[in-house]
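There are 2 protein chains.
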Amino acid sequence: MTGLRARQKADKNRRILEAATGLFREVGYDAARIEDIAERAAVSVGTFYNYYQSKGDMLLATVAMEVEEVIDAGRSIVSDPPRDVLSAVSRLIDQYYDHSLVYLSKEMWRTAMAISIQQPETPFSRRYTDLDRALCAQVSTLVRNLQARGAVREGIDTAAVGAMFFNNLNMMFTDFVRDEAMTLERLKHEVARQNRPLATLISVGAD
Amino acid sequence: MTGLRARQKADKNRRILEAATGLFREVGYDAARIEDIAERAAVSVGTFYNYYQSKGDMLLATVAMEVEEVIDAGRSIVSDPPRDVLSAVSRLIDQYYDHSLVYLSKEMWRTAMAISIQQPETPFSRRYTDLDRALCAQVSTLVRNLQARGAVREGIDTAAVGAMFFNNLNMMFTDFVRDEAMTLERLKHEVARQNRPLATLISVGAD
DNA sequence: CAAAAAGACTGAATGAATTCATTTTTTAAG
DNA sequence: CTTAAAAAATGAATTCATTCAGTCTTTTTG
Numbered sequence: 109m110t111g112l113r114a115r116q117k118a119d120k121n122r123r124i125l126e127a128a129t130g131l132f133r134e135v136g137y138d139a140a141r142i143e144d145i146a147e148r149a150a151v152s153v154g155t156f157y158n159y160y161q162s163k164g165d166m167l168l169a170t171v172a173m174e175v176e177e178v179i180d181a182g183r184s185i186v187s188d189p190p191r192d193v194l195s196a197v198s199r200l201i202d203q204y205y206d207h208s209l210v211y212l213s214k215e216m217w218r219t220a221m222a223i224s225i226q227q228p229e230t231p232f233s234r235r236y237t238d239l240d241r242a243l244c245a246q247v248s249t250l251v252r253n254l255q256a257r258g259a260v261r262e263g264i265d266t267a268a269v270g271a272m273f274f275n276n277l278n279m280m281f282t283d284f285v286r287d288e289a290m291t292l293e294r295l296k297h298e299v300a301r302q303n304r305p306l307a308t309l310i311s312v313g314a315d
Numbered sequence: 109m110t111g112l113r114a115r116q117k118a119d120k121n122r123r124i125l126e127a128a129t130g131l132f133r134e135v136g137y138d139a140a141r142i143e144d145i146a147e148r149a150a151v152s153v154g155t156f157y158n159y160y161q162s163k164g165d166m167l168l169a170t171v172a173m174e175v176e177e178v179i180d181a182g183r184s185i186v187s188d189p190p191r192d193v194l195s196a197v198s199r200l201i202d203q204y205y206d207h208s209l210v211y212l213s214k215e216m217w218r219t220a221m222a223i224s225i226q227q228p229e230t231p232f233s234r235r236y237t238d239l240d241r242a243l244c245a246q247v248s249t250l251v252r253n254l255q256a257r258g259a260v261r262e263g264i265d266t267a268a269v270g271a272m273f274f275n276n277l278n279m280m281f282t283d284f285v286r287d288e289a290m291t292l293e294r295l296k297h298e299v300a301r302q303n304r305p306l307a308t309l310i311s312v313g314a315d
């Protein structure tokens, strides 16, 4: 059987994670004090810091879970995409966007992004960066699949095009979470507009 | 003559700005304490806060100065660009990148970006966002000029294409400052690679 | 010029994240 | 089963950004 220590550790980690995500959702990231998280998880403040390097680390852990789900959901679109390039790309991106606010508020996204930029060397920041890379790779894979199916011209650098689509959707998402007034619909609409030229031009059959 | 109060205010503002930028450069943003900045500027801590809303505000003020210079320098490229689309776009972008580390370290950029994302409603964040918009508009203007000169096909949505180039260069710059090991040369090279497909496809004379 | 009003300045007090020396619990060794 | 070693947990103390009530300076008014 697993040692007592290992079981207790896993349990505490779960309690802390749940206490933190719950509090973040209820009162927001800033208003959630470590003391409160620790109290809800029934551990001391010091113990919190034995499990997570910082409050930001804790947040990135919750965001990472979210992004992993999104990548999973993307796989089915990548493996069986709409025939039309713009439709396929938009389908994948809209899926990302629609998932994004299920568990996380704009405030939480802002904070998570801020932390991952400011302290890129912490373990959870690396994990976040890796997930970004995985998303980028997924978009590139989609473009490559479309090329294999004859929907994208031969000779196109699919990694470059994928990176461009990804960087665009990512930057636009950043703008989206920065602006409380911006809606998901507008975000999707603008990104689709921006993607159209490249999507059209790489398509087989464009003039 | 200007009132005594106005003169003293301007002088103090200059002293605080210089003390802060100096300390940020010398010891980094995090290690520069408000108390130290105030001491070097020969004012009290409270006075610092009469001039800047927060420590981050102070940093964004210095970044804004930098970005304004870059936009100025970009104007001449936009008004008289190389004939080839990829060359023109790369010329403008490389200019942005080359200027970026003259006054600011990667750490300062990271912190400034983090703050502008996390607290988008503060005055200096708005200024930063506005400058980003101006940069984006400059890239779009370049593409439009190239179209007017017959280097870019008719019918291309130059605002969309400009936004895509800009979001790509901006996201790649973010990745660059996140990674201490990444060089300016590699950044420029990768961005040029990513831009090539779109730049080629919108060019007049592409197959 | 004197008094009042407006504007700045000040630094001690506040509040929250993070640290760290001690204490407690678990595991491993004999 | 003891006991030494290792691992975890603890919470009081520390550190810093930020605030604010009181004081001082400049400007305006009469």
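Protein chains in written order, with my numbering: chain A, 109 to 315; chain B, 109 to 315. All C-beta atoms in this analysis are idealised placements derived from N, C-alpha and C, irrespective of residue type, glycine included.
List the residues that DSSP assigns as beta-bridge partners of Ala311 (chain A).
-> Locating residue 311 (chain A) in the first sequence gives position 203, where the first residue counts as 1. A quick correction: the sequence has Ser, not Ala, at residue 311 (chain A). Residue pairing for Ser311 (chain A): DSSP places it in a beta bridge opposite A:Val260.
Limits of the unbroken alpha helix (DSSP H) element including Tyr204 (chain B) | As a working mapping, residue 204 (chain B) is identified with position 96 in the second sequence. Secondary structure note for Tyr204 (chain B): its alpha helix (DSSP H) is the uninterrupted segment Val193 to Tyr211.
How many Å lie between Arg123 (chain B) and Arg191 (chain B) at the Cα?
-> Working through the second sequence from its first residue, we reach residue 123 (chain B) at position 15. Working through the second sequence from its first residue, we reach residue 191 (chain B) at position 83. Spanning the two alpha carbons is a distance of roughly 46 Å.
Length of the line joining the Cα atoms of Val201 (chain A) and Leu277 (chain A) | Counted from its first residue, the first sequence places residue 201 (chain A) at position 93. Counted from its first residue, the first sequence places residue 277 (chain A) at position 169. Inspection of the sequence shows that residue 201 (chain A) is occupied by Ile rather than by Val. Their backbone Cα atoms lie some 7 Å apart in a straight line.
Buried or exposed by the 16-neighbour rule on C-beta atoms within 10 Å, applied to Met173 (chain A) | Here residue 173 (chain A) corresponds to residue number 65 of the first sequence, with the count starting at 1. Met173 (chain A) is exposed by the Cβ-count criterion.
Minimum Cβ-Cβ distance from Ser162 (chain B) to chain A less than 9 Å = Along the second sequence, one-based indexing puts residue 162 (chain B) at 54. So no, Ser162 (chain B) is outside the interface.
Got a sec: is the Cβ-Cβ distance from Arg113 (chain A) to anything in chain B below 9 Å?
-> Working through the first sequence from its first residue, we reach residue 113 (chain A) at position 5. No, Arg113 (chain A) lies away from the interface with chain B (no Cβ there is under 9 Å from its Cβ).
Within 10 angstroms of its Cβ, does Val186 (chain A) collect 16 or more other Cβ (buried), or is it exposed?
-> Walking along the first sequence from the start, residue 186 (chain A) turns up at place 78. In summary, Val186 (chain A) is buried, with 16 or more beta-carbon neighbours lying within 10 Å of its beta-carbon over all protein chains present.
Whose C-beta lies closer than 6 Å to the C-beta of Ala103 (chain A) among residues of the same chain, with five residues either side of it excluded?
-> Lying outside 109 to 315, the shown extent of chain A, residue 103 (chain A) is not represented and no answer is given.
Between Met109 (chain A) and Tyr137 (chain A), what straight-line distance do the alpha-carbon atoms span, to the nearest angstrom?
-> Here the question's residue 109 (chain A) lines up with position 1 in the first sequence. Here the question's residue 137 (chain A) lines up with position 29 in the first sequence. Confidence is the limiting factor: at Met109 (chain A) the pLDDT is only 49, short of 50, which leaves the residue's position unreliable and the question unanswerable from this model.
Three-way DSSP call (helix, strand, coil) for Val151 (chain B) in this model = Here residue 151 (chain B) refers to the residue found at position 43 when the second sequence is read from its first residue. DSSP places Val151 (chain B) in coil when its eight states are reduced to three.
How about Asn158 (chain A): is its C-beta nearer than 9 Å to some C-beta of chain B?
-> Translated into the one-based positions of the first sequence, residue 158 (chain A) becomes position 50. It does not; no Cβ of chain B falls within 9 Å.
Could you give the distance in angstroms between the alpha-carbon of Val285 (chain B) and the alpha-carbon of Glu293 (chain B)?
-> Sequence index remark: in the second sequence, residue 285 (chain B) carries index 177 (1-based). Sequence index remark: in the second sequence, residue 293 (chain B) carries index 185 (1-based). Across the structure, Val285 (chain B) and Glu293 (chain B) are spaced so that their CA atoms are roughly 13 Å apart.
Alpha carbon to alpha carbon, what distance is there between Leu295 (chain B) and His207 (chain B)?
-> Locating residue 207 (chain B) in the second sequence gives position 99, where the first residue counts as 1. Locating residue 295 (chain B) in the second sequence gives position 187, where the first residue counts as 1. For His207 (chain B) and Leu295 (chain B), the distance between alpha carbons rounds to 13 Å.
Is the shortest distance between the beta-carbon of Met279 (chain A) and the beta-carbons of chain B less than 9 Å?
-> What you label residue 279 (chain A) is simply residue 171 of the first sequence in a count that begins at 1. Interface residue, yes.
Is the Cβ-Cβ distance between Leu194 (chain B) and Thr308 (chain B) less than 9 Å?
-> Here residue 194 (chain B) refers to the residue found at position 86 when the second sequence is read from its first residue. Here residue 308 (chain B) refers to the residue found at position 200 when the second sequence is read from its first residue. If you check the CB distance, Leu194 (chain B) and Thr308 (chain B) come in under 9 Å.
Taking the CB atoms as reference points, tell me whether Pro189 (chain A) and Asn253 (chain A) lie closer together than 9 Å.
-> In the first sequence, the residue the question calls residue 189 (chain A) occupies position 81. In the first sequence, the residue the question calls residue 253 (chain A) occupies position 145. A Cβ-Cβ contact shorter than 9 Å links Pro189 (chain A) with Asn253 (chain A).
Based on Cα-Cα distance, which residue from B:Arg148, B:Asn158, B:Asp287 and B:Tyr160 lies nearest to Asp238 (chain A)?
-> Taking the first sequence and counting its residues from 1, the one referred to as residue 238 (chain A) is at position 130. The residue with the shortest Cα to Cα distance from Asp238 (chain A) is B:Asp287.
Flag this pair as yes or no: are the beta carbons of Thr249 (chain A) and Leu212 (chain A) separated by less than 9 Å?
-> The sequence position of residue 249 (chain A) within the first sequence is 141, counting from 1. The sequence position of residue 212 (chain A) within the first sequence is 104, counting from 1. No, these two residues do not count as a Cβ contact at 9 Å.
Straight-line CA distance for Glu177 (chain B) to Ala118 (chain A)?
-> Here residue 177 (chain B) corresponds to residue number 69 of the second sequence, with the count starting at 1. Here residue 118 (chain A) corresponds to residue number 10 of the first sequence, with the count starting at 1. Roughly 53 Å between the two C-alpha positions.
Alpha carbon to alpha carbon, how far is Tyr236 (chain B) from Asn275 (chain B)? Give it in angstroms, no decimals.
-> The sequence position of residue 275 (chain B) within the second sequence is 167, counting from 1. The sequence position of residue 236 (chain B) within the second sequence is 128, counting from 1. Using only the alpha carbons, I get a separation of about 15 Å.
Going by CA-CA distance only, name the one from B:Val269, B:Leu168, B:His297 and B:Pro305 that's closest to Gly270 (chain A).
-> If you number the first sequence from 1, residue 270 (chain A) lands on position 162. Residue B:Pro305 is the option with its Cα nearest to Gly270 (chain A).
Buried or exposed: Arg218 (chain B), going by 16 or more other Cβ atoms within 10 Å of its Cβ?
-> Stepping through the second sequence from its first residue, residue 218 (chain B) is reached at position 110. That one is buried.
Can you give the Cα-Cα distance for Ala222 (chain A) and Gly313 (chain A), rounded to whole angstroms?
-> Along the first sequence, read from residue 1 onward, the residue named residue 222 (chain A) stands at position 114. Along the first sequence, read from residue 1 onward, the residue named residue 313 (chain A) stands at position 205. For Ala222 (chain A) and Gly313 (chain A), the distance between alpha carbons rounds to 42 Å.
Give me the Cα-Cα distance between Ala149 (chain A) and Gly111 (chain A), rounded to the nearest whole angstrom.
-> Within the first sequence, residue 149 (chain A) is the residue found at index 41, counting from 1. Within the first sequence, residue 111 (chain A) is the residue found at index 3, counting from 1. Rounded to the nearest whole angstrom, the CA to CA distance from Ala149 (chain A) to Gly111 (chain A) is 21 Å.
Thinking C-alpha only, which one of B:Thr155, B:Ala289 and B:Arg133 is nearest Gln116 (chain B)?
-> Position 8 of the second sequence, counting from 1, holds the residue named residue 116 (chain B). If we check each option's Cα against that of Gln116 (chain B), B:Thr155 comes out closest.
List the residues of chain A whose Cβ lies closer than 7 Å to the Cβ of Met316 (chain B), in chain order.
-> Any answer about residue 316 (chain B) is impossible in this case: the structure gives chain B only from 109 up to 315.
Mark Ala196 (chain B) as exposed unless 16 or more other C-beta atoms lie within 10 angstroms of its C-beta, in which case mark it buried.
-> Looking up residue 196 (chain B) in the second sequence gives position 88. By the Cβ-count criterion, Ala196 (chain B) is buried, with 16 or more other Cβ atoms from all chains shown falling within 10 Å of its own Cβ.
Check whether the Cβ atoms of Ala140 (chain B) and Glu134 (chain B) sit closer than 9 Å, and answer yes or no.
-> Translated into the one-based positions of the second sequence, residue 140 (chain B) becomes position 32. Translated into the one-based positions of the second sequence, residue 134 (chain B) becomes position 26. For Ala140 (chain B) and Glu134 (chain B), yes; Cβs fall inside 9 Å.
Examine chain A for any beta-carbon lying closer than 9 Å to the beta-carbon of Ala268 (chain B), and answer yes or no.
-> Counting from 1 along the second sequence, the entry for residue 268 (chain B) is found at position 160. Taking Cβ atoms only, chain A reaches closer than 9 Å to Ala268 (chain B), which makes this a yes.
Cβ-based neighbour list, Ala181 (chain A), same chain, cut-off 8 Å, excluding 5 preceding and 5 following = Mapped onto the first sequence, residue 181 (chain A) falls at position 73. In the same chain as Ala181 (chain A), and ignoring 5 residues on each side of it, the C-beta atoms closer than 8 Å to its own belong to Gln203 and His207, in chain order.
Could you name the residues of the same chain whose beta carbon sits closer than 8 Å to that of Thr282 (chain B), not counting the 5 residues immediately before and after it, in chain order?
-> One-based indexing of the second sequence puts residue 282 (chain B) at position 174. If we look at Thr282 (chain B) and ignore the five residues flanking it on each side, its Cβ neighbours are Met221.
Taking only beta-carbon positions, decide if Thr282 (chain A) is within less than 9 Å of chain B.
-> Taking the first residue of the first sequence as 1, we reach residue 282 (chain A) at position 174. With 9 Å as the cut-off, Thr282 (chain A) counts as an interface residue toward chain B.
To the nearest angstrom, how far is it from the Cα of Ser162 (chain B) to the Cα of Ile142 (chain B)?
-> Within the second sequence, residue 162 (chain B) is the residue found at index 54, counting from 1. Within the second sequence, residue 142 (chain B) is the residue found at index 34, counting from 1. Answer to the nearest angstrom: the Cα atoms are 9 Å apart.
Exposed unless 16 or more other CB atoms sit within 10 angstroms - verdict on Asn303 (chain B) = Within the second sequence, the letter at position 195 stands for residue 303 (chain B). Buried.
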